[in-house]
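In full-length UniProt numbering, the protein residues as written are 1 to 78.
The beta-carbon is built from N, C-alpha and C at its ideal position, and this holds for glycine as well.
Here is the structure we will look at.
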């Protein structure tokens, strides 16, 4: 029984490493989309480094995500 808890603990610990794969970039940011459009946000963006997915909030505070295949580049800062 003790070994089961140890194994579960290490599995939990390993899964926590995946959560640190997020890079926060200070806004305002402009994201260039593959279709030629742009998204501008005044807030910070978060990038999941493993997949390249960008998460941001729009002007209404709604949370959105863009996959790496949907954008070309992003720039942030004043």
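How long is the line joining the alpha carbons of residue i and residue j, rounded to whole angstroms?
i, j, result
"residue 24", "residue 4", "36 Å"
"residue 64", "residue 55", "6 Å"
"residue 84", "residue 2", "With the chain covering only 1 through 78, there is no way to say anything about residue 84."
"residue 39", "residue 30", "6 Å"
"residue 48", "residue 70", "14 Å"
"residue 82", "residue 41", "Absent from the model: residue 82. The displayed extent of the chain is 1 to 78, so no value can be given."
Helix, strand or coil, according to DSSP, for residue i in the structure here?
i, result
"residue 46", "strand"
Label residue i either buried or exposed according to how many other C-beta atoms from any shown protein chain fall within 10 Å of its C-beta, with 16 as the threshold for buried.
i, result
"residue 67", "exposed"
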